[in-house]
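Inspection log for the structure reproduced underneath, given as structure tokens.
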Amino acid sequence: MIREVLRMGDPRLLRVAQPVTAFATPQLSALLQDMRDTMAQFDGVGLAAPQIGVDLRVVIFGGMSNPRYPDAPPLADTVLINPELEPLSAEEEDGWEGCLSVPGLRGWVPRWTRLRYAGFDESGQRFERSVDGFHARVVQHECDHLDGLLYPMRVRDFRRFGFIDELFGAQAAAE
Ligand code: NI
């Protein structure tokens, strides 16, 4: 079921979300289906449970092609629960980000370039990956939602934060 995506300003986006304690349940399965449906409806690259008002440490991301991010490399569809992130170096890189909770805007956000993340899948199986680039950026963005952080809070240079059509032209905004 497609759910409403909360927008920045809603206090539910500022909570530190609770860990999932029960895996492979109908409730978790229904939550993930709602998250997939909602992410697909709005062409998201990722979605965190708090964005649909669910106070749990669950994120999804992925998609082989996305009209909102036409230049992004393919990203395997992933369910990540109770994630832990660890940078693999102090190196950061900047890149454009958007968020379904901050519609119509983009910002230039610094993120760790390389990181290892670990967490659990829907069945409770633990997994771990080392990633870089766009994949690393998406994971950091989505996991920030679990700690009540939205990407504008990470923007350092507000000259590179604004409306998509002003930053990139009307064509980009229509896509
Ligand atoms: Ni977001």
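Residues in the sequence shown are numbered consecutively from 26, following this note's numbering.
No residue lacks a Cβ here, since even glycine has one placed at the ideal position from N, Cα and C.
Keeping to the same chain, check which residues put their C-beta closer than 7 Å to that of residue i; ignore five residues upstream and five downstream.
i    : result
V79  : L56
M26  : D59, D62
S126 : V30, L31, R32, M33, L38, Q76, L175
Tell me whether residue i sits in a helix, a strand or coil according to DSSP, three-state version.
i    : result
D52  : It should be pointed out that residue 52 corresponds to Gln in this sequence rather than to Asp. Reduced to three states, the DSSP call for Q52 is helix.
T46  : coil
V30  : coil
E167 : helix
A97  : coil
V86  : Rather than Val, the amino acid found at residue 86 in this sequence is Phe. Strand at F86.
E111 : strand
E116 : coil
P135 : strand
E122 : strand
To which residues does DSSP link residue i through a beta bridge?
i    : result
S155 : R141
Less than 8 Å between the CB atoms is what I'm expecting for residue i and residue j, so what's the real figure, rounded?
i    : j    : result
F188 : G132 : Between G132 and F188 the Cβ distance is about 11 Å, and since that is not below 8 Å, they are no contact.
T138 : D169 : Actually they do not touch by this definition, with Cβ atoms about 16 Å apart.
Discussion item. Contact between the stretch 101–111 and the stretch 164–171 is defined here as three or more beta-carbon pairs at a separation below 8 Å; is this criterion met?
Written reply: yes
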